[in-house]
Each structure stands twice: as structure tokens, then as C-alpha cells.
Amino acid sequence: MSRLAGLLDRGLTLVAEDLAEVRRQAQRLREVDSCLKETAATAAERQAYFEELTERWAAESDPWAQDMAERMTRWQAGLFVGDDDLGLPSDNLDLERWFKRVKGHERRIHGRAHAGVRIVQEGPTLVLTLDAHVLQAQPFAAEQLRPYRDAKMPECQRQALHRRTIMRRGRSKKQRPRLLAELERRYQGTS
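Take the sequence shown: its letter number 104 is residue 1385 in my numbering, and every next letter is one higher.
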């Protein structure tokens, strides 16, 4: 055992500098994490601290800090959307938990206990509507809904639904030959 302990000590001394760097980076990641967690600080205070960290790290000569500052700049647009009172998912994990929460009408549609792919694929337009009752106690009035009457489906969602339709047809034994013939005609016409 003493020989094994000696080998471990020797190995740790060889990587001591690397371990110190990992500890320093872990501490910096904890600072970023503290900006993202909804604690006693408001969203505006957390965003200000996040921007301060980004500027400070961008000015450093350390390549890791500069890379992290670039990443944080790209993330910032989506991290601090909305206000503290909206009740929107705070991060990707919260968003995944939100999607996994079973919606009653979705469960009745297909009889399963999970939300299904429809929520994931049509999520951009369903996110706010499925939990609208959480933010408003009374039923919506026509005046409140009128501004959304001419709303357009986001392009990413339209493309996802189109891909889903093609994939479902491609899996179907009856529709696959027609789909392949249609795709072949379409691509021969473009070339």
C-alpha cells in the first residue's frame, strides 16, 4: 500500500500544474453558474454580473478566458430573455423538464404518459399557449387574442413539420414508392 501511495503521490506531482489550472477554470465556471441560477439576485443584476465577467475575461491574455468570453457573448442573447415574473424555463435543463411535464390534452390525444414529439417539433408556437393558464387566472378575452390572429409559424417549425411528413411517408410501406417516385421527379426536374 505504501508503494501504491508513493506512485500516486509521484503522479500527482507530475500533473500539479494542470490540476491547479483545472481548479482555477472550475472556479471561473462556478462564477458563470452563479449568474445563471435564480437566487436572491434579480435577472438584471445577474445579467450585469454576466456582462462584467465577459468583459473582464475578454481583456485577459489567457486563451481559455478569451474563448469563454466569446462563448458567453454568444449565449447572452438567449440567457436573460424576459423578466423574473414570466415563469419561463430558466435554462436548458428546466426547459427539458418543462417539455417532459405531461400536458393533459397531449396525453389524451395518443393515450401515452409522455408528451410526444409534437410538443418538441411544434414547440416554438406551443410553449406559450400550453401553459397560458398558469400566467392568467381568467379565460382570455377576444381583445387579448386579436393581435395574434395573423401570427405566422416560424420558418424553423415549418421546416421541421415538413421533414416529419416526409419521414413518416418514407417509413410507410404503402406511401414509400410514391414518395420515392415524387422525389425522383422533383430532382430530375431541377437538374
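Cβ coordinates follow ideal geometry from the N, Cα and C atoms, glycine included.
Query, Result
"Ignore the nearest five residues each way along the sequence and tell me which others in arginine 1311's own chain have a CB closer than 8 Å to its CB.", "none"
"With distances taken between CB atoms, is the gap from alanine 1339 to alanine 1350 smaller than 8 Å?", "yes"
"What are the boundary residues of the alpha helix (DSSP H) that includes phenylalanine 1331?", "1324-1340"
"Applying the criterion that 16 or more other CB atoms from any shown protein chain within 10 Å of the CB defines a buried residue, is arginine 1449 buried or exposed?", "exposed"
"Could you check the C-alpha separation between serine 1453 and threonine 1446 for me, to the nearest Å?", "11 Å"
"Once you ignore the five residues that flank isoleucine 1390 on each side, which residues in its own chain have a CB closer than 7 Å to its CB?", "In this prediction, isoleucine 1390 has a pLDDT of 49, which is less than 50 and means its spatial position is unreliable; nothing more can be read from the coordinates."
"Taking 8 Å as the cut-off, decide whether the C-beta atoms of tryptophan 1345 and glutamine 1308 are in contact.", "no"
"With a cut-off of 8 Å on the beta carbons, I'd call alanine 1441 and glutamine 1402 a contact; round off their distance for me.", "5 Å"
"Could you give the distance in angstroms between the alpha-carbon of valine 1296 and the alpha-carbon of aspartate 1348?", "23 Å"
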